[in-house]
Amino acid sequence: MASREHSVYEGTAFTIEWYYSSNGKSQALEYFESLSNRQQDRFLNLVRLMGDVGKIFNTRKFNHEGEGIYAFKPQPDRFLCFFFAGKKIIVTNAFQKKTQKLPAREKTRALKARNDYEIRMKSGEYYG
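Numbers in our numbering are just positions in the sequence shown, counted from 1, shifted up by 236.
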């Protein structure tokens, strides 16, 4: 079970968690905490919908970005994530959208985070 600091929301369909690097930092959580209350609420409303319903049908609010990376899209922010076994969604990184296209470096950051998460989960050290 995830520790409290990892958890964003525990729903009936999915548990959504923040990704933490091996040095204990969560870029997505730090970004979230820098947002206004209104912007935080927009993100949390999408997270609750996904956690409880299991799907967000509006691709303007949640979308597959390729290679197993997805984005919660509360305007103007983006929170990249991936699905993991055990009905988990791991939020890897976040940024303010400034262009139509997903910046390659943000997607690369999410892919590296997913790889790191999977390796650390297999070795049992992620929550350790």
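By construction, the Cβ of each residue, glycine as well, lies at the ideal position given by its N, Cα and C atoms.
Put simply, the stretch 268-283 does not touch the stretch 347-354. Fewer than three CB pairs are less than 8 Å apart. Using a 10 angstroms sphere on the CB of Val244, the tally of other CB atoms reaches 16 or more, which defines it as buried. About 7 Å separates the beta carbon of Gly287 from that of Glu246, a gap short enough to meet the 8 Å contact definition. Between Phe298 and Ile292, the gap from beta carbon to beta carbon is short of 8 Å.
Straight through space, the alpha carbons of Gly322 and Phe315 are spaced by roughly 21 Å. Around the CB of Asn259, fewer than 16 other CB atoms lie within 10 Å, so the residue is classed as exposed.
In this structure, the CA atom of Thr344 is about 18 Å from the CA atom of Tyr267. Secondary structure at Ala307: strand, using DSSP grouped into helix, strand and coil.
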